[in-house]
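Q:
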Amino acid sequence: MKGMQFYGYHGFTAHERREGRHMSVDVSLALDLRNAGCSDNLRHTVNYVSVYKVVRDVVVNEKCKLLETLATKIAEKIMASFNMVQEVEVSVRKHSPPIGGVADYVEVSVLRRREK
């Protein structure tokens with residue numbers, strides 16, 4: 158899932174946590190899709206609507222100072238919510254970051270794998 162858009166109140170400064178910023182999130186999942194590919198049945202895969210709801214819940218309801226923390230919380234909640242997922246990569250972008258200059262965004266990515 159690429160480019161999920163949110164308005165989040167995350168950041169190191171009190172101003173960022175109070176005023177918020179536009180953010181976007183990408184999620185890439187690794188799971189065995191053989192059954193879904195053969196059966197054409199949603200119960201053999203992960204419903205992307207459900208993944209979106211997990212991401213939205215974390216971005217909207219959690220308060221994090223660091224993008225690293227936010228990305229980690231999203232990844233951990235996805236792993237806890239969907240047993241089929243063996244690996245998840247989450248990228249979080251904060252648009253127009255307050256860096257004292259011009260930048261489209263800052264981005265952090267985390268990768269989590271299920272223990273075997």
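So the sequence shown is numbered by my numbering: it starts at 158 and just counts up by one.
We put the beta carbon where it would ideally sit given N, CA and C, even for glycine.
Which residue comes first and which comes last in the alpha helix (DSSP H) that contains Gly-194?
A: Looking at the DSSP string, the run of the alpha helix (DSSP H) that includes Gly-194 is 191-196.
Q: In or out: Ile-256 buried (at least 16 other Cβ within 10 Å) or exposed?
A: With fewer than 16 Cβ atoms within 10 Å of its Cβ, Ile-256 is classed as exposed.
Q: Starting from the Cα of Leu-268, find the closest Cα among Tyr-164, Val-247 and Asp-197 and give me that residue.
A: Considering only alpha carbons, the answer is Val-247.
Q: In the structure shown, what three-state DSSP assignment does Met-241 receive?
A: Three-state DSSP puts Met-241 in coil, outside helix and strand.
Q: Tell me the DSSP secondary structure of Ser-185 in three-state form.
A: Correct three-state label for Ser-185: strand.
Q: Alpha carbon to alpha carbon, what distance is there between Met-241 and Ser-207?
A: Going by the C-alpha atoms only, they are around 13 angstroms apart.
Q: Going by DSSP, what residue range makes up the beta strand (DSSP E) through Ser-266?
A: It spans 262-270 - the beta strand (DSSP E) in which Ser-266 sits, taken as one unbroken run.
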